[in-house]
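Below you'll find the structure, written out as structure tokens, and then a few comments.
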Amino acid sequence: MAQTPSSRFAFGHRLMSYLPTPTRPPQRGRPAGQPNVTLEVPQLDHYHDRAEKALTETITAYGKLNGDVNTKQWKSLRSKRGVRLFRGHPLVVGHTPLLCVGTLHARFDDVLEGLYCDNTEEMLFMNAITCPRLADSGVLTAVQKRTRLEPYAFTGIKWTTIKLTMANNRDLCYFEKVGMVRQATGKRMAYHVMQSVELPEYSSKMTHQRAHVSLCYVFEELEDDLVGVYMKGDVDIGTLSFFVTKAVSDVMMAFVNALECTRAKKLTLMMTTATRLAASHSSSSRKNCSVCKSSPSFFDNFTECAGCNKPVCKKCRFRETVLTRDTMPSHPKRADFCRHCFTKMNMLSTEQLRNRLMNKTHQPRKTQGKWTSTC
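For the sequence shown, the working numbering assigns the number 718 to the initial residue and increments by one for each residue that follows.
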């Protein structure tokens, strides 16, 4: 039986009480060579109020969702991994309504972790994984970042460039707010609001056309490995030619690749832990593969696993992306991991891996008969 909107979204407290306006000074993380961004409190209040209004409208619309999308009102643009993107008939000239509906087969925390970034370097890495069309990017100012109590909270302003084929590139300067609320049922719901802003410091480039968006995504924890997705909003990106429409679809659906970002984050944490431990433990003289115990052949040189520093053969290793700079700026590096580390990565959450890194960092080690700290 379908749940009514009131029963589906019965929150323990008033929803908007979870959206306090952050009061601490903004932390700037602008791209190198770009101007400073000054964000006054009245501006922040205004941006926050707009985000709050969009979130209220989106959750209300999501609560009323029942059955299939009306295809007479919405034209399907794209479908990927159980999520569909639709385009509506413009009610205002230049503003194209968008709707996104579906489910992701993933853990709620993995989806949110794959969406979260609060600094320019991480944003560049993650865009390279989720949507290569998003080229130059930057976190211009961060007013709110994650804490232990609010692991996915972010409030700030970001900027990015959308690369197009056979058309001028678009750039986008937007206020972003990400967070999470808990329903009375105990299930969690996250929100991701993106709304264009105009800043004197970041006027559109001569070679770019400024795009405008007002988007609100909600992610509902349905089951342990199932996340409901709903997005409502509109875009003004200029003429919707074939190439522009494809680019818009790529950007709007980039979130479905969030799991790849989460995997890269987890493996990066494991690699960092292994690197720090390598300095405090003597290297192993074992030559056999740590997984299948085979010996190296003339044609197969073993590789050291980036997650545990143990030798691993070609059959027992995976080459995966990590959030570490490669020879090219903003290009993520690829590293080899053994099957054991890959299994561990799938089983553990990002928070568990962070805690392990902290514990290993402060774990004492023995050198020349004395115990010293590894930090």
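Built from N, CA and C at the ideal position, the CB exists for glycine as well.
Bear in mind the structure is a predicted one, so any value in this text is a computation, not a measurement.
Closest Cα partner of residue i within the set the options
| i | options | result |
| --- | --- | --- |
| Thr1038 | Gly1024, Cys1030, Lys1032 and His765 | Gly1024 |
| Gly811 | Val930, Cys817, Thr788 and Asp1017 | Val930 |
| Ser955 | Arg863, Cys933, Lys983 and His925 | As written in the sequence, residue 955 is Gly, which differs from the Ser given in the question. For Gly955, the nearest C-alpha among the options comes from His925. |
| Thr1103 | Asn1063, Gln760, Ser1007 and Gly950 | Absent from the structure is residue 1103, since the part of the chain shown begins at 718 and ends at 1092. |
| Gly819 | Tyr919, Val754, Ser796 and Cys890 | Ser796 |
| Gly873 | Arg1036, Glu1021 and Tyr891 | Tyr891 |
| Leu782 | Met897, Tyr947 and Val1008 | Tyr947 |
| Asp953 | Arg804, Thr813 and Ala981 | Thr813 |
| Ser913 | Ala771, Thr1067 and Asp827 | Ala771 |
| Ala971 | Asn844, Glu757 and Gly805 | Asn844 |
| Cys1030 | Lys1004, Glu769 and Thr775 | Lys1004 |
| Arg1034 | Met911, Leu1040, Glu757 and Thr1060 | Thr1060 |
| Leu829 | Gly780, Pro1049, Val973 and Lys1027 | Val973 |
| Arg798 | Val809, Ile776, Leu821 and Arg804 | Leu821 |
| Ser966 | Thr847, Val758 and Ala778 | Thr847 |
| Glu769 | Cys1055, Met911 and Thr1067 | Met911 |
Helix, strand or coil at residue i [DSSP, three-state]
| i | result |
| --- | --- |
| Asp766 | helix |
| Met883 | coil |
| Tyr947 | strand |
| Asp967 | helix |
| Lys797 | strand |
| Phe1054 | strand |
| Phe959 | helix |
| Val818 | strand |
| Ala981 | helix |
| Asp953 | strand |
| Thr992 | helix |
| Leu851 | strand |
| Met1075 | helix |
| Val828 | helix |
| Pro868 | coil |
| Leu761 | helix |
| Val973 | helix |
| Leu782 | coil |
| Leu1070 | helix |
| Leu1065 | coil |
| Leu939 | strand |
| Ser999 | Because the pLDDT of Ser999 is 46, which lies under 50, any placement of that residue in the model is unreliable, and the number read from its coordinates should be weighed accordingly. Ser999 falls in the coil class under three-state DSSP. |
| Asn787 | coil |
| Tyr919 | helix |
| Thr837 | helix |
| Thr1060 | helix |
| Asn844 | helix |
| Leu986 | helix |
| Thr775 | helix |
Residues that DSSP places opposite residue i in a beta bridge
| i | result |
| --- | --- |
| Lys792 | Arg804 |
| Ser913 | Tyr891 |
| Asp874 | This sequence places Ile at residue 874; Asp is not what is there. DSSP output for Ile874 lists Thr858 and Phe892 as bridge partner(s). |
| Arg899 | Arg905 |
| Cys933 | Val910 and Lys949 |
| Thr813 | Val952 |
| Asp1017 | Ser1014 |
| Val1029 | Thr1020 |
| Glu1037 | Ala1052 |
| Arg927 | Asp888 |
Beta-carbon contacts of residue i that lie in its chain and below 7 Å, excluding the five residues immediately before and after
| i | result |
| --- | --- |
| Ala823 | Asp942, Val944 and Leu976 |
| His909 | Leu832, Val895 and Tyr934 |
| Arg1073 | Thr990 |
| Leu1070 | Lys983, Leu986 and Met987 |
| Met883 | Phe960 |
| Met969 | Leu802, Leu815 and Cys817 |
| Gly950 | Leu815, Val930, Ser931, Leu932 and Cys933 |
| Gly838 | The amino acid occupying residue 838 in the given sequence is Glu; Gly does not appear at that position. Closer than 7 Å at the Cβ level, and outside the excluded window around Glu838, lies no residue. |
| Asp827 | Leu976 and Thr979 |
| Thr1020 | Val1029, Arg1034 and Asp1053 |
| Cys1058 | Met987, Cys1022, Gly1024 and Cys1025 |
| Arg1056 | Val1008 and Cys1033 |
| Ser958 | Ala884 |
Sequence-distant residues of the same chain with beta carbon closer than 6 Å to residue i, five excluded per side
| i | result |
| --- | --- |
| Leu939 | Gly945 |
| Asp835 | Ala859, Lys862 and Phe871 |
| Leu889 | Thr877 and Ala928 |
Nonlocal neighbours in the same chain, by C-beta distance under 8 Å from residue i, ignoring five residues either side
| i | result |
| --- | --- |
| Met864 | Residue identity differs from the one stated: residue 864 is Thr in this sequence, not Met. So the qualifying residues of the chain are Ala870. |
| Leu916 | Val754, Leu857, Ile874 and Cys890 |
| Glu774 | Cys933 and Lys949 |
Residue i: CB within 7 Å of a non-hydrogen atom of the ligand NAP
| i | result |
| --- | --- |
| Gln912 | No copy of the ligand NAP appears in this structure; indeed no ligand is present at all. |
Beta carbon proximity, residue i to chain C, threshold 8 Å
| i | result |
| --- | --- |
| Asn1005 | Looking at the structure shown, chain C is missing, and only one protein chain is on hand. |
Spell out a yes or no on whether the segment 867 to 881 and the segment 840 to 858 are touching, meaning 3 or more CB-CB pairs, one atom from each, closer than 8 Å.
-> They touch, by the three-pair rule.
Do the segment 762 to 774 and the segment 783 to 790 meet, that is, are 3 or more Cβ pairs less than 8 Å apart?
-> The segment 762 to 774 is not in contact with the segment 783 to 790.
Indicate whether the contact test is met: 3 or more Cβ pairs, each with one atom in the segment 857 to 876 and one in the segment 1010 to 1027, closer than 8 Å.
-> No: fewer than three Cβ pairs fall under 8 Å.
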